[in-house]
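Number of protein chains: 2
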Amino acid sequence: MKFDERHLIQLAAVVKTGGVTEGAALLGLAQPAVSRTLSMLEKRVGEPLFVRGRRPLQPTPLGLSLAEHGLVMLAASRKASDLVESFRVGKSGVVRIGGTPFFMDALIAGLCAEFQASHPDVRIDQSYGYFPDLRAALKADQIDLAICPIDILDEGSGLEFQQILPGRNVVACRVTHPLLLKRRPQPSHLLDYPWIAPPPGSPLLADLRALLLSFGATEIKIRYSGGSLMSVINYLKAADALTIMPHSVVFAQRKEKTITALPITIPHPERALAILTRVDAPHSPAVDQFAEFVRSGFQNLRHLIKRHEESVIWGL
Amino acid sequence: MKFDERHLIQLAAVVKTGGVTEGAALLGLAQPAVSRTLSMLEKRVGEPLFVRGRRPLQPTPLGLSLAEHGLVMLAASRKASDLVESFRVGKSGVVRIGGTPFFMDALIAGLCAEFQASHPDVRIDQSYGYFPDLRAALKADQIDLAICPIDILDEGSGLEFQQILPGRNVVACRVTHPLLLKRRPQPSHLLDYPWIAPPPGSPLLADLRALLLSFGATEIKIRYSGGSLMSVINYLKAADALTIMPHSVVFAQRKEKTITALPITIPHPERALAILTRVDAPHSPAVDQFAEFVRSGFQNLRHLIKRHEESVIWGL
DNA sequence: GAACTTCATAACGATCTGTTATACTGACAG
DNA sequence: CTGTCAGTATAACAGATCGTTATGAAGTTC
Numbered sequence: 001m002k003f004d005e006r007h008l009i010q011l012a013a014v015v016k017t018g019g020v021t022e023g024a025a026l027l028g029l030a031q032p033a034v035s036r037t038l039s040m041l042e043k044r045v046g047e048p049l050f051v052r053g054r055r056p057l058q059p060t061p062l063g064l065s066l067a068e069h070g071l072v073m074l075a076a077s078r079k080a081s082d083l084v085e086s087f088r089v090g091k092s093g094v095v096r097i098g099g100t101p102f103f104m105d106a107l108i109a110g111l112c113a114e115f116q117a118s119h120p121d122v123r124i125d126q127s128y129g130y131f132p133d134l135r136a137a138l139k140a141d142q143i144d145l146a147i148c149p150i151d152i153l154d155e156g157s158g159l160e161f162q163q164i165l166p167g168r169n170v171v172a173c174r175v176t177h178p179l180l181l182k183r184r185p186q187p188s189h190l191l192d193y194p195w196i197a198p199p200p201g202s203p204l205l206a207d208l209r210a211l212l213l214s215f216g217a218t219e220i221k222i223r224y225s226g227g228s229l230m231s232v233i234n235y236l237k238a239a240d241a242l243t244i245m246p247h248s249v250v251f252a253q254r255k256e257k258t259i260t261a262l263p264i265t266i267p268h269p270e271r272a273l274a275i276l277t278r279v280d281a282p283h284s285p286a287v288d289q290f291a292e293f294v295r296s297g298f299q300n301l302r303h304l305i306k307r308h309e310e311s312v313i314w315g316l
Numbered sequence: 317m318k319f320d321e322r323h324l325i326q327l328a329a330v331v332k333t334g335g336v337t338e339g340a341a342l343l344g345l346a347q348p349a350v351s352r353t354l355s356m357l358e359k360r361v362g363e364p365l366f367v368r369g370r371r372p373l374q375p376t377p378l379g380l381s382l383a384e385h386g387l388v389m390l391a392a393s394r395k396a397s398d399l400v401e402s403f404r405v406g407k408s409g410v411v412r413i414g415g416t417p418f419f420m421d422a423l424i425a426g427l428c429a430e431f432q433a434s435h436p437d438v439r440i441d442q443s444y445g446y447f448p449d450l451r452a453a454l455k456a457d458q459i460d461l462a463i464c465p466i467d468i469l470d471e472g473s474g475l476e477f478q479q480i481l482p483g484r485n486v487v488a489c490r491v492t493h494p495l496l497l498k499r500r501p502q503p504s505h506l507l508d509y510p511w512i513a514p515p516p517g518s519p520l521l522a523d524l525r526a527l528l529l530s531f532g533a534t535e536i537k538i539r540y541s542g543g544s545l546m547s548v549i550n551y552l553k554a555a556d557a558l559t560i561m562p563h564s565v566v567f568a569q570r571k572e573k574t575i576t577a578l579p580i581t582i583p584h585p586e587r588a589l590a591i592l593t594r595v596d597a598p599h600s601p602a603v604d605q606f607a608e609f610v611r612s613g614f615q616n617l618r619h620l621i622k623r624h625e626e627s628v629i630w631g632l
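Which chain is which? The protein sequence lines are A and B, in order.
Residue numbers for the first sequence follow our numbering, beginning at 1 and rising by one.
Residue numbers for the second sequence follow our numbering, beginning at 317 and rising by one.
This is the structure we're talking about:
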């Protein structure tokens, strides 16, 4: 006995509403269509599904049981419809993002949480990597979106770059670092302290090498490397070490009052934080929504940084 | 976005099996039918449901989510089919039985349990009543089956009677009753003990009156009445009282060694225990199965009683 | 018992389904 | 690189089914 699922749904509607006419209305059908379905079902099943001549229409036990299954289908069908609707406006789906560890940990994770306040049914799968990996992952359709610093000369055939934050590095240290007591710390002083190197593969690592060499270091004294942001921060909290970090990452930690940036200007890398997407990516509303959210989030961040620095200047 | 449920089921089958061809086979369809459904779905939804050119066919997140709903429907559909199959052979459904209290309590309840060992999905709704109520309940389609003693002259227009046990009453007492010590108790002795009367409405009540009067009682000394079987048994356990009961009911209690029948013959009532059904009752396999089970159960009981009495005689 | 509501049936056009036949595409081997 | 192979998409068609309107039958209510 194989059923047409639609028939069971019609049965369920009739049982639920207690009448053929009402059941038909519930499904947006004309009454005779449903009536015919019921007759057909009873003939196929060979058992009465309703007690005839009773109003409100009373189902037999078998009719009732069958209707329950129909109701399950009706609910599933409705859910499927809702799913597509919410997917269309970006309210459901999956967003697979990849990015460099520091940015992800310091900035993106929090943004994800904020995003899901308004998009609770969007799942976010996060992964880590540096530009070459991320580019490959994008092209292999393993991620929808990459957030990473790119050199202005990086070529991304088939990729779209959207710059969201200018590249700007600072030297980070704990808030009790002795160098912060000097009115105008000199680059040469920096070489007196142990250094933490960013993980291999990070563009920051190259920045650090260039920086230290420009300060006249003959050899680079690395005490610790390879840790994630949390490791680096915890290390910094416990020692007068120094490291190089994107300004925005240090800025995002300002509330914690554990690390800060030395008031010393170092060269801008020719680089910018960007959102990378495939130009031929399959359209996904949730991804679009998330990307837009990240863009506006970083725009706010830029303003915050600007105001923060102005207040510091005025505060001087 | 309204879906044809069948389409979602086809989608689910394809996702589940990992291929259009296999999915079609799972549903007993040709491959092009399913292929067309998928194209149509993608066009309607406006989003890709599968990553093209991948084998095994890989669904997009949206495709996967939709397929899950389809799977729910497929499962519900299968369950509905199974339900009808099991209903057809009487393995599921509802059986509404009514009967006289003593028989129901002593014999039928246990039979119900035995029946459900082989028919676990059949629900049994039990209610109590005497012949007039049961006949009315049958005609009003409130019960499917009545089990009660009927007078041979009861007319049951529109009802079918199936006799399952001849009428035979005994005088019941506790196993320690003093009358059991007498070799051949005389009817007159019976009047020396207090009597329990069956509930009003029970045909046993009339039997009791007739019996006592035939023994020469001028007035009927009733000490207790109206209780269910359990009450009567518990009363009997605690006093040297007597009562009248169907032999089968006393017999069913033999294992308990609490009550027994006095070895004294009393007149057969012109009555028999029967299964009553409406002749125009809607066909219900579960009811048929149950009725057949009850019939065979009582046939066994008859044999048991016969063998038991033979052994008692040989034992003498 | 009359008015009213609800359900069943009939007839019909449009749609959709499932089929077979066939062309296309990606995967794999030599 | 190319031929083969399995799997998928497309085309065309016959038949079933759906949903509709119109109308008759049955039941409920006052």
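Each residue gets a CB set at the ideal place from its N, CA and C atoms; glycine is no exception.
Keep in mind the model is a prediction, meaning the values are calculated, not measured.
Rounded to whole angstroms, what's the CA-CA distance from Ala13 (chain A) to Ala106 (chain A)? Just pull it up for me.
It is roughly 52 angstroms from the alpha-carbon of Ala13 (chain A) to the alpha-carbon of Ala106 (chain A).
Take the Cβ of Gln299 (chain A) as the centre, count every other Cβ of all protein chains shown within 10 Å, and call the residue buried at 16 or more, exposed below.
Classification for Gln299 (chain A): exposed.
Within the same chain, show all residues whose beta-carbon is closer than 6 angstroms to that of Thr260 (chain A), passing over the 5 residues directly before and after it, in chain order.
Cβ contact annotation for Thr260 (chain A) (same chain, cutoff 6 angstroms, sequence separation greater than five): Val175, in chain order.
Could you name the residues that DSSP lists as bridge partners for Thr260 (chain A)?
Residue pairing by DSSP places Thr260 (chain A) opposite A:Cys173 in a beta bridge.
Terminal residues of the beta strand (DSSP E) in which Arg594 (chain B) lies
Where Arg594 (chain B) is concerned, the enclosing beta strand (DSSP E) stretches over Arg587 to Arg594.
Buried or exposed: Leu153 (chain A), going by 16 or more other Cβ atoms within 10 Å of its Cβ?
Residue burial is scored here from C-beta neighbours: Leu153 (chain A) has fewer than 16 other C-beta atoms within 10 angstroms and is therefore classed as exposed.
By the three-class DSSP mapping on this structure, what secondary structure does Tyr128 (chain A) have?
Here Tyr128 (chain A) sits in strand by DSSP.
Given that a residue counts as buried once 16 or more other Cβ atoms are within 10 Å of its Cβ, and exposed if not, what is Asp460 (chain B)?
The Cβ neighbour count for Asp460 (chain B), taken over all protein chains shown within 10 Å, is at least 16; the residue is labelled buried.
Decide if the stretch 592 to 607 of chain B is in contact with the stretch 406 to 416 of chain B; the criterion is three or more beta carbon pairs, one per stretch, under 8 angstroms apart.
In short, these stretches touch, since the Cβ pair count reaches three.
Compile a chain-ordered list of the residues in the stretch 386 to 403 of chain B whose CB is closer than 7 angstroms to at least one CB of chain A.
With the criterion set as a beta carbon lying under 7 angstroms from some beta carbon of chain A, the members of the stretch 386 to 403 of chain B are Val388, Met389, Ala392, Ser393, Lys395, Ala396, Ser397, Leu399, Val400, Glu401 and Phe403, in sequence order.
Measuring only between beta-carbons, confirm whether Met1 (chain A) sits less than 7 angstroms from chain B.
The beta-carbon of Met1 (chain A) is placed less than 7 angstroms from the nearest beta-carbon of chain B.
List the residues of chain A that Ile325 (chain B) touches, going by C-beta distances under 7 angstroms, in chain order.
Near Ile325 (chain B) (Cβ distances below 7 angstroms), the residues of chain A are Glu5.
Using the beta-carbon count (16 or more within 10 Å), is Gly386 (chain B) buried or exposed?
It is buried - the Cβ of Gly386 (chain B) has at least 16 other Cβ atoms within 10 Å.
N- and C-terminal bounds of the alpha helix (DSSP H) containing Glu476 (chain B):
Segment Leu475 to Pro482 is the beta strand (DSSP E) holding Glu476 (chain B); no alpha helix (DSSP H) there.
Hey, how far is the Cα of Gly18 (chain A) from the Cα of Pro56 (chain A)?
Inter-residue distance for Gly18 (chain A) and Pro56 (chain A) is about 5 angstroms (C-alpha atoms, whole angstroms).
From Ile124 (chain A) to Pro166 (chain A), what distance separates their C-alpha atoms?
Computed Cα separation, rounded: 25 angstroms.
Assumed close pair Gly542 (chain B), Pro515 (chain B) - CB separation to whole angstroms, cut-off 8 angstroms:
About 5 angstroms; that satisfies the 8 angstroms criterion.
Cα separation between Gly426 (chain B) and Leu38 (chain A)?
Gly426 (chain B) and Leu38 (chain A): Cα-Cα distance of roughly 38 angstroms.
Can you check whether the C-beta of Gly409 (chain B) is within less than 7 angstroms of a C-beta belonging to chain A?
Closer than 7 angstroms to some Cβ of chain A, the Cβ of Gly409 (chain B) qualifies, so yes.
Using the three-state DSSP reduction, which class does Leu423 (chain B) fall into: helix, strand or coil?
Assignment of Leu423 (chain B) by DSSP, reduced to helix, strand and coil, places it in the helix class.
With contact counted as at least three CB pairs below 8 angstroms, one residue from each stretch, are the stretch 181 to 189 of chain A and the stretch 229 to 243 of chain A in contact?
In short, these stretches do not touch, since the Cβ pair count stays below three.
Close beta carbons around Leu322 (chain B), own chain, < 7 angstroms, minus the five adjacent residues each side
The sequence shown places Arg at residue 322 (chain B), not Leu. Excluding residues within five positions, none has a Cβ falling inside 7 angstroms.
Keeping to the same chain, check which residues put their C-beta closer than 6 angstroms to that of Gly63 (chain A); ignore five residues upstream and five downstream.
Here the set comprises Leu49 and Phe50.
Can you check which of these residues, B:Ile621, B:Ala555, B:Ala602 and B:Ile538, is closest to Val566 (chain B) by C-alpha distance?
Ranking B:Ile621, B:Ala555, B:Ala602 and B:Ile538 by Cα distance to Val566 (chain B) puts B:Ile621 first.
Straight-line Cα distance separating Arg368 (chain B) from Ile147 (chain A)
Spanning the two alpha carbons is a distance of roughly 26 angstroms.
Residue-chain proximity (Pro48 (chain A), chain B), Cβ-Cβ < 7 angstroms:
Taking Cβ atoms only, chain B reaches closer than 7 angstroms to Pro48 (chain A), which makes this a yes.
Test: Lys332 (chain B) CB closer than 7 angstroms to a CB of chain A
Chain A contact via Cβ: absent.
One question on the structure: do Pro191 (chain A) and Ala172 (chain A) come within less than 7 angstroms of each other, judged by their Cβ atoms?
A small correction: the amino acid at residue 191 (chain A) is Leu; Pro does not occupy that position in the sequence shown. For Leu191 (chain A) and Ala172 (chain A), no; Cβs fall outside 7 angstroms.
From the DSSP output, in three-state form, read off Val411 (chain B) for me.
DSSP, reduced to helix, strand and coil, places Val411 (chain B) within a strand of the structure shown.
If the criterion is Cβ atoms closer than 7 angstroms, does the pair Ala383 (chain B) and Val331 (chain B) meet it?
Closer than 7 angstroms, so yes.
Selection of the stretch 465 to 495 of chain B by Cβ proximity to chain A, strictly under 7 angstroms
Flagged: no residues at all.
Report yes if the C-beta distance between Gly93 (chain A) and Ala281 (chain A) is below 7 angstroms; otherwise report no.
Between Gly93 (chain A) and Ala281 (chain A), the CB-CB gap reaches or exceeds 7 angstroms.
Would you verify that the beta carbon of Val45 (chain A) is, or is not, closer than 7 angstroms to some beta carbon of chain B?
Val45 (chain A) has a beta carbon lying within less than 7 angstroms of a beta carbon in chain B.
Exposed or buried, what is Gly158 (chain A) when buried is set at 16 or more other beta-carbons lying within 10 Å of its beta-carbon?
Result: exposed.
Residues bridged to Thr243 (chain A) (per DSSP):
For Thr243 (chain A), which the question treats as bridged, DSSP gives the partners A:Ala172 and A:Ile196.
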